[in-house]
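Here is the structure we will look at, set down as structure tokens.
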Amino acid sequence: MNEAIVSVGSNIEPEKNVVRAQEKLATTQTFVKASQFYRTKPIGFTEQDDFLNGAYLLRTEDSLESLEKKLKQIEIELGRVKTENKNGPRCIDLDVVVWNRQIIDSDFYDRDFLQKTVLELMPDLRFELLSYKQSMRKQSA
């Protein structure tokens, strides 16, 4: 069985949509628990409402690719419409951040709320905090 931490964000009817996302996930995955949720300021495009952000810990028989497809389907079912503005308002945003104890989303390193919620769900997760120069060297190696 695979283990995943899925980040959750919404700034359109957020209280309703994070619960609806959790309910939909629980129909196809083993839902373990949710982190606390935090109000955060928008990043990039600031002319919008604050976000409600948190994370869910899941266990799944799905592959990573299959789980990601299911997350995108849930986003569509809840009414998400992708626009050119990748930092624009959204009813729900679901992304796998940790897969089998490996951080797979680089946003983890840039967003304090993401680190906080992931580490709440998996406090013994080991990771490197790289400086910008270190990460550039690692990418070019």
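Each residue of the sequence shown is one higher than the one before, counting from 1038 in the working numbering. Glycine residues also receive a C-beta, built at the ideal position from the N, C-alpha and C atoms.
Under DSSP, residue 1154 forms no beta bridge with any residue. If the five residues before and after residue 1117 are omitted, its C-beta is found closer than 7 Å to the C-beta atoms of 1127, 1128 and 1129, all from its own chain and listed in chain order.
Annotation: the continuous beta strand (DSSP E) that includes residue 1096 extends over 1088 to 1097.
The secondary-structure analysis by DSSP pairs residue 1075 across a beta bridge with 1090. At the C-beta level, residue 1070 and residue 1094 come within 7 Å of one another. Taking residue 1134 as reference, the option from 1044, 1087 and 1039 with the minimal CA-CA separation is 1044. By the neighbour-count criterion, in which 16 or more other beta carbons inside 10 Å mark a residue as buried, residue 1113 falls on the exposed side. Taking a cut-off of 8 Å on C-beta distances, the segment 1069 to 1089 does not touch the segment 1104 to 1111, as fewer than three cross pairs fall below it. Take residue 1075, set aside five residues on each side of it, and the residues of its chain with a beta-carbon closer than 8 Å to its own are 1089, 1090, 1091, 1150, 1153 and 1154, in chain order. Excluding its 5 nearest sequence neighbours in each direction, residue 1053 has no C-beta neighbour in its own chain below 7 Å. Nearest C-alpha to residue 1111 among 1046, 1040, 1139 and 1039: 1046. Among the bridge pairs identified by DSSP, residue 1046 is matched with 1090 and 1130. Your pair residue 1058 and residue 1115 checks out as a contact, with CB atoms roughly 6 Å apart and the cut at 8 Å. Restricting attention to 1073, 1132 and 1136, the CA atom closest to the CA of residue 1144 is found in 1132.
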